[in-house]
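A short worksheet on the structure shown next.
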């Protein structure tokens, strides 16, 4: 019974059997073919039995195991390795079929290879998840073709395991290296010259050559009868909050990932850079209610807190409550902070409904509204119109694209900084905006 479940016949066998059947049919018209037809059929049957006997001789003829990173990075290529070993006394052709998680929708995944006798081999492939959560890997199936190529034996290896998919930590590490690299201009990250220092008083000290004469303290100089200057320190630690709108507008998909996933990946990357730049990183997620908040801190566990809150974050089909967001921030955050708001406005009217609350928020904090350019509409607008219907579609696409620019202009009128970017360039645009704010001491 076990042999029947793991035994498969190849195309070569059916071709030979078909040829034997044709010779049998011809033998009805040409009796001289009776003997060759019988001989051919018996030869195929004998070779098949020999092939099966060789395939099923011995135990543990093929050994396979899978090696996966302990966690996968969402939206990135993650390497997976399957190690194979051939214990047959001859080289075999194998077909590897790995049972991948259902989220990947890979229903015909297979890799073919040839294994020499007594040798091992690593089959490396990459998987790219597009949503966060637990991914269940199943069994490894290895189909070994017999030496004569008439039959196959299936080896099944129980390699079931669950692997969590986290926000893109690979992208986080990549942008961390780029942000501190001397070749940032090659990557699109802009390095800006600092325009000045924040003047946070530290102490009064005696003037020495090289001190800025603008910092001379006249009262202290008169009392001490010698030049005294105020000493200031550069205020390096600023609070940076990433605010993620998880309302229905963030459910929109681009290249198999939602806008929310792009915002999550960008949040993780910018939070890491904020901490590396000696600032405080925080997080707020909301829709019709405040779902989570990580107070801006500069501790070792801050990034883990941010990642933990981002891991299970999902979009809802409700409208975001901006009045609630403003009230919550007013109560919980007293220090002026940089607020990076990831949201999406598809029309000018949708912005104007929320504009009063954004303006109030911008009074106490430096607010940067980050919203998305619709790349599919842009592609439609750039297409050549060949008929009346295409002209109509092109005109509507151009109108909607222009409305995005009007949204950005409307925000600028009320002194609210904004970033209009494609989903693919979201992380880079956010990092550039943060570095601009930091270099120009806009807080």
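In this note's numbering, the protein residues as written are 20 to 462. All residues carry an ideal CB built from backbone N, CA and C; glycine is no exception.
_Could you compute how far the alpha carbon of residue 233 sits from the alpha carbon of residue 272?_
Reading the chain shown from its first residue, position 214 is the one you call residue 233. Reading the chain shown from its first residue, position 253 is the one you call residue 272. Rounded to whole angstroms, residue 233 to residue 272 spans 55 Å at the Cα level.
If you compare alpha carbons, which of 342, 46, 264 and 139 is closest to residue 82? What you label residue 82 is simply residue 63 of the chain shown in a count that begins at 1. If we check each option's Cα against that of residue 82, 139 comes out closest.
Would you check if the distance between the CB atom of residue 434 and the CB atom of residue 381 is smaller than 8 Å?
By 1-based counting over the chain shown, the position of residue 434 is 415. By 1-based counting over the chain shown, the position of residue 381 is 362. It is a contact, given that the beta carbons lie within the stated cut-off.
Terminal residues of the continuous beta strand (DSSP E) containing residue 115?
Stepping through the chain shown from its first residue, residue 115 is reached at position 96. Start and end: 111-117.
Among 261, 288 and 148, which has the Cα closest to the Cα of residue 98? Your numbering for residue 98 matches position 79 in the chain shown. Taking only the C-alpha atoms, the option nearest residue 98 is 148.
- [ ] Assign residue 256 to one of three DSSP states: helix, strand, or coil.
- [x] In the chain shown, residue 256 corresponds to position 237, counting from 1. Residue state, collapsed to three classes: coil.
- Message: Cutting at 8 Å between CB atoms, please list the residues of its own chain near residue 118, excluding the five before and the five after it.
- Response: As a first step, residue 118 is located in the chain shown; it is residue number 99 there, counting from the start. Hits under 8 Å: 156, 157, 158, 159 and 160.
Three-way DSSP call (helix, strand, coil) for residue 234 in this model: Taking the chain shown and counting its residues from 1, the one referred to as residue 234 is at position 215. In this structure, residue 234 counts as helix in the three-state DSSP scheme.
The stretch 43-54 in contact with the stretch 184-198 per 3-pair CB rule at 8 Å:
no
- Task: Name the two residues that bound the continuous beta strand (DSSP E) containing residue 11.
- Result: The displayed coordinates of the chain run from 20 to 462. Any statement about residue 11 would go beyond what the structure contains.
message: When you compare the CB positions of residue 363 and residue 391, do they come within less than 8 Å of one another, or not?
response: Counting from 1 along the chain shown, the entry for residue 363 is found at position 344. Counting from 1 along the chain shown, the entry for residue 391 is found at position 372. A contact, by the Cβ cut-off of 8 Å.
Review point. Terminal residues of the continuous alpha helix (DSSP H) containing residue 414?
Key: Mapped onto the chain shown, residue 414 falls at position 395. 407-432 is the span of the alpha helix (DSSP H), which, as asked, contains residue 414.
Worksheet entry | Boundaries of the beta strand (DSSP E) in which residue 305 is found, first to last residue | Here the question's residue 305 lines up with position 286 in the chain shown. Its beta strand (DSSP E) spans residues 299-305.
Residue closest to residue 10, alpha-carbon to alpha-carbon, out of 116, 34, 137 and 121: In the structure as shown, the chain starts at 20 and stops at 462, and residue 10 therefore has no counterpart that could be examined.
- Query: Quick one: Cα of residue 315 to Cα of residue 394, how far?
  - Reply: Along the chain shown, read from residue 1 onward, the residue named residue 315 stands at position 296. Along the chain shown, read from residue 1 onward, the residue named residue 394 stands at position 375. Whole-angstrom Cα-Cα distance: 33 Å.
Worksheet entry | Buried versus exposed call for residue 100 [16 or more other C-beta atoms within 10 Å across all chains shown] | Here residue 100 is taken as the residue at index 81 of the chain shown, counted from 1. By the neighbour-count rule (16 or more Cβ atoms within 10 Å), residue 100 is not buried but exposed.
**Prompt:** What span of residues does the beta strand (DSSP E) with residue 133 cover, start to end?
**Reply:** Against the chain shown, residue 133 aligns to sequence position 114. Start and end: 130-134.
request  = Could you tell me if residue 58 is buried or exposed, where buried requires 16 or more neighbouring beta carbons within 10 angstroms of its beta carbon?
outcome  = Numbered from 1 along the chain shown, position 39 holds the residue referred to as residue 58. That one is exposed.
How big is the Cα-Cα spacing for residue 120 and residue 154?
Counting from 1 along the chain shown, the entry for residue 120 is found at position 101. Counting from 1 along the chain shown, the entry for residue 154 is found at position 135. Going from the Cα of residue 120 to the Cα of residue 154 covers about 5 Å.
Next on the checklist: On the criterion of 16 or more Cβ atoms from any shown chain inside 10 Å, does residue 414 qualify as buried, or is it exposed?
Outcome noted: One-based indexing of the chain shown puts residue 414 at position 395. Classification for residue 414: exposed.
Which of helix, strand or coil does DSSP assign to residue 312? Position 293 of the chain shown, counting from 1, holds the residue named residue 312. Strand, per DSSP.
**Prompt:** So residue 385 packs on residue 462, CB below 8 Å; how close in whole Å?
**Reply:** Numbered from 1 along the chain shown, position 366 holds the residue referred to as residue 385. Numbered from 1 along the chain shown, position 443 holds the residue referred to as residue 462. With a Cβ gap of about 5 Å, residue 385 and residue 462 count as contacting.
Exercise. Looking at the structure shown, is residue 296 part of a helix, part of a strand, or coil, going by DSSP?
Worked result: On the chain shown, residue 296 is found 277 positions in, with the first residue counted as 1. Residue 296: coil per DSSP, three-state reduction.
Worksheet item: In the structure shown, what three-state DSSP assignment does residue 340 receive?
Response: Position 321 of the chain shown, counted from the first residue, corresponds to residue 340. Coil at residue 340, not helix or strand.
Open item on the list: Tell me which residue opens and which closes the beta strand (DSSP E) that residue 440 is part of.
Closed with: Here the question's residue 440 lines up with position 421 in the chain shown. Looking at the DSSP string, the run of the beta strand (DSSP E) that includes residue 440 is 436-440.
task: Pull up the DSSP beta-bridge partners for residue 276, would you.
output: Taking the first residue of the chain shown as 1, we reach residue 276 at position 257. Residue 276 pairs with 273.
- Query: Using CA coordinates, which residue listed in 287, 428 and 34 is at the minimum distance from residue 324?
  - Reply: By 1-based counting over the chain shown, the position of residue 324 is 305. Among 287, 428 and 34, the Cα nearest to that of residue 324 belongs to 287.
### Task
Would you check if the distance between the CB atom of residue 336 and the CB atom of residue 282 is smaller than 8 Å?
Working through the chain shown from its first residue, we reach residue 336 at position 317. Working through the chain shown from its first residue, we reach residue 282 at position 263. Against a cut-off of 8 Å, the Cβ pair of residue 282 and residue 336 comes out as no contact.
Subject >> residue 405, buried or exposed, once every other Cβ within 10 Å from all chains shown has been counted against 16 >> reply: The sequence position of residue 405 within the chain shown is 386, counting from 1. Exposed is the call here.
### Residues sharing a beta bridge with residue 225, DSSP
For this step, residue 225 is matched to residue 206 along the chain shown. In DSSP, residue 225 forms a bridge with 247.
Worksheet entry | Distance CB(residue 180)-CB(residue 289) smaller than 8 Å | Walking along the chain shown from the start, residue 180 turns up at place 161. Walking along the chain shown from the start, residue 289 turns up at place 270. Contact flag unset, no.
Distance between beta carbons of residue 249 and residue 236, contact taken as under 8 Å: Walking along the chain shown from the start, residue 236 turns up at place 217. Walking along the chain shown from the start, residue 249 turns up at place 230. Rounded, the Cβ-Cβ distance is 5 Å, consistent with contact.
Residues bridged to residue 264 [DSSP beta-bridge criterion] = Looking up residue 264 in the chain shown gives position 245. The partner list for residue 264 (beta bridge, DSSP) reads 305.
If you compare alpha carbons, which of 45, 185, 458 and 387 is closest to residue 331?
Here residue 331 corresponds to residue number 312 of the chain shown, with the count starting at 1. Of 45, 185, 458 and 387, the residue nearest in Cα terms is 185.
With residue 182 and residue 90 assumed to form a contact (beta carbons below 8 Å), what rounded beta-carbon distance in angstroms separates them?
-> Position 163 of the chain shown, counted from the first residue, corresponds to residue 182. Position 71 of the chain shown, counted from the first residue, corresponds to residue 90. The pair is a contact, with the Cβ atoms about 7 Å apart (cut-off 8 Å).
Note to self: Which of the three DSSP states is assigned to residue 283 in this structure?
What the structure shows: Indexing the chain shown from 1 puts residue 283 at position 264. Looking at residue 283 - three-state DSSP - the assignment turns out to be helix.
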